[in-house]
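J.: A single structure is presented below for examination.
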Amino acid sequence: MFSSNPTAFQIAQEPEEYLGREIAIDWYTAGVLSSVETVETYGPPQIRLVLRDASSGRSVDFELDLNQAVRVRD
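Per UniProt numbering, the sequence shown starts with residue 1, numbered consecutively.
Put into structure tokens, the structure is as follows:
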């Protein structure tokens, strides 16, 4: 069950709290958080979350706005 909805910014501020936990970006995209970094662009900064799919082992990265919320599984 997903229990909290931190923003990408909150995850970047306390990555040790979320690394290794299952994160859902949307209804169709979830995986275990393997890394977090801030991405400096010409626009506002974004947060890159790298998720590892538990079944396939593949990693996928997502660049999110600072205030975009994700779901975290207990």
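Yeah, the Cβ is synthetic: ideal placement off N, Cα and C, and Gly gets one too.
Would you mind stating whether Ala-69 and Pro-6 have Cβ atoms separated by less than 8 angstroms?
T.: On the sequence shown, position 69 is the one that residue 69 refers to. On the sequence shown, position 6 is the one that residue 6 refers to. A contact, by the Cβ cut-off of 8 angstroms.
J.: Exposed or buried, what is Val-39 when buried is set at 16 or more other beta-carbons lying within 10 Å of its beta-carbon?
T.: Here residue 39 refers to the residue found at position 39 when the sequence shown is read from its first residue. By the neighbour-count rule (16 or more Cβ atoms within 10 Å), Val-39 is not buried but exposed.
J.: How is Ala-30 classed by DSSP in three states: helix, strand or coil?
T.: Working through the sequence shown from its first residue, we reach residue 30 at position 30. Three-state result, Ala-30: strand.
J.: Using a threshold of 8 angstroms, state whether the C-beta atoms of Arg-48 and Gly-31 are closer than that.
T.: If you number the sequence shown from 1, residue 48 lands on position 48. If you number the sequence shown from 1, residue 31 lands on position 31. No; because the gap between Cβ atoms is not below 8 angstroms, this pair is not in contact.
J.: Give me the Cα-Cα distance between Ala-24 and Arg-58, rounded to the nearest whole angstrom.
T.: What you label residue 24 is simply residue 24 of the sequence shown in a count that begins at 1. What you label residue 58 is simply residue 58 of the sequence shown in a count that begins at 1. Straight-line Cα distance between these residues: approximately 15 angstroms.
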